[in-house]
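First comes the structure, then the notes that go with it.
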Amino acid sequence: SGFTMMEALTIIMIVSVMSTVAIQSGSSFYATEQAYATASMLASDIRMARYKAIEHQCYIRLRFSQYNDGWYIEELCEVNEPVTGEYTGDPANIEWQSILGKEMREISTSVTIDFDPAFPAPIYFRPDGLLISDFNFNAAPIGTFHVSFVYDDSEDFEGAKITVTPSGVIESEAYYKVEY
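So the sequence shown is numbered by the numbering used here: it starts at 88 and just counts up by one.
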């Protein structure tokens, strides 16, 4: 009316195999969510920066830290002509003010940010909301660029990607590694 040793060992082996599969799925899920959350945060910050530029009739600057562990979003509201946004002060003396409530938006050290080679750094938002690559109202709009986010420990999941256009972020997506 009890279990034999073989039955007990079989149950232990089945439970260990199932828990190994569950741990790997959980780790892949965490990688997916970590990369996608970072991509969503940047997409939201780009949208917010564009709205702030229009609302305050200011220049906004988005720049990434030199170590790619976060980004800064700063505004300059000392424009002399609010309609055109022309800045006639000395560019060397510009004091940008953070609009994040803190100095830098930090991201997990496990997430790597990968930019298109021609991605402009920094990106400026004109007072009319257009994204430009140079601090000049008449600068050409930026092109369409992709920013990818990859979680370091991921085996199956490649990461998340957002598409940045002259009018802001148009999409974000998760993508997976395809093995052929």
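Using N, Cα and C, we set each Cβ at its ideal position, and we do this for glycine too.
Report all residues from its chain with a CB closer than 6 Å to the CB of residue i; omit the five preceding and five following residues, and keep chain order.
i	result
H233	D203, K248, T250
A226	I219
T125	I194, V198, F236
Pull up the distance between the alpha-carbon of residue i and that of residue j, whole angstroms please.
i	j	result
Y159	T97	56 Å
T231	I257	10 Å
V102	F90	16 Å
S127	M93	51 Å
P228	A140	15 Å
V108	S152	38 Å
R192	P207	19 Å
Q121	R150	21 Å
T196	F224	35 Å
I99	Y117	27 Å
D157	D239	For the sequence presented, residue 157 should be read as Gly rather than Asp. Their backbone Cα atoms lie some 16 Å apart in a straight line.
Who pairs with residue i in a beta bridge, going by DSSP?
i	result
Y159	R150
L187	DSSP output for L187 lists no bridge partner at all.
F202	V234
G255	T252
Report all residues from its chain with a CB closer than 8 Å to the CB of residue i; omit the five preceding and five following residues, and keep chain order.
i	result
G255	I133, R134, R137, G216, L218
R148	Y159, I160, E161, E162, L163, W183, P209, I210, Y211, F212, F222
What is the DSSP secondary structure of residue i, reduced to helix, strand or coil?
i	result
L218	strand
A226	coil
E193	strand
M210	Per the sequence shown, residue 210 should be read as Ile rather than Met. Reduced to three states, the DSSP call for I210 is strand.
Q121	helix
T107	helix
D94	The question names Asp, yet the displayed sequence has Glu at residue 94. Looking at E94 - three-state DSSP - the assignment turns out to be helix.
I181	coil
E279	Residue 279 lies beyond the range of the chain shown here (88 to 267); nothing can be said about it.
Stretch-stretch touch, CB-based, cutoff 8 Å, three pairs: the segment 213-222 with the segment 183-195: No: fewer than three Cβ pairs fall under 8 Å.
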